[in-house]
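This report concerns only the one structure given below.
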Amino acid sequence: MPPHRHRAATRMSSSMSSGADRPDPLIQYVVLREDLWNQLGWPLGSVVAQGCHAAVAAVWEARDDAETQAYCSPEAIDGMHKVGDGAMGIGGGD
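If you're matching positions, the sequence shown starts at 1 in UniProt numbering and goes up one per residue.
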């Protein structure tokens, strides 16, 4: 991974309750295509809005899964674990 890339994350509980002790946290990855704003001139806000829409849609599609329900529970809402990253584009590798 190039040095300009940054990943940030926090831990979520291993059970239905909140906490920072989950050995294998449930993670949602959000990847934004850097070419959309760097080369194609999309406003960064539009790219972020698309990423937010995709993240919410993924959670909604998995809403009946027990781990998704635990991830979205009131006890865990402050400990959701996300990783953000950028990708150069659809066809280009990093």
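Where a beta carbon is used, it is the ideal one built from N, C-alpha and C, also for glycine.
In this text the structure is predicted, and so the values were computed from the model without any measurement.
Rounded straight-line distance, which links the Cα of residue j to that of residue i
i	j	result
GLN69	ALA54	18 Å
ASP65	PRO74	16 Å
ILE77	GLU34	29 Å
ILE90	CYS72	30 Å
LEU44	TRP37	6 Å
GLN59	ASP24	Checking the displayed sequence, the identity of residue 59 turns out to be Val instead of Gln. The straight-line gap from Cα to Cα measures roughly 18 Å.
GLU61	GLU67	13 Å
GLY79	GLN39	35 Å
Within 8 Å, strictly: CB atoms of residue i and residue j
i	j	result
LEU32	VAL56	no
Nonlocal neighbours in the same chain, by C-beta distance under 7 Å from residue i, ignoring five residues either side
i	result
GLY51	VAL30, LEU32
Contacts around residue i, its chain only, beta-carbon distance under 8 Å, and the 5 residues preceding and following it disregarded
i	result
TRP42	LEU36
>> Tell me whether the stretch 71-83 and the stretch 25-40 touch, counting them as touching only if at least three CB pairs, one residue from each stretch, are closer than 8 Å.
In response: yes
> If you scan the stretch 53-94 from start to end, which runs of the beta strand (DSSP E) of 3 or more residues do you find wholly inside it?
Replying inline: DSSP runs (the beta strand (DSSP E)) wholly in the stretch 53-94: 82-87.
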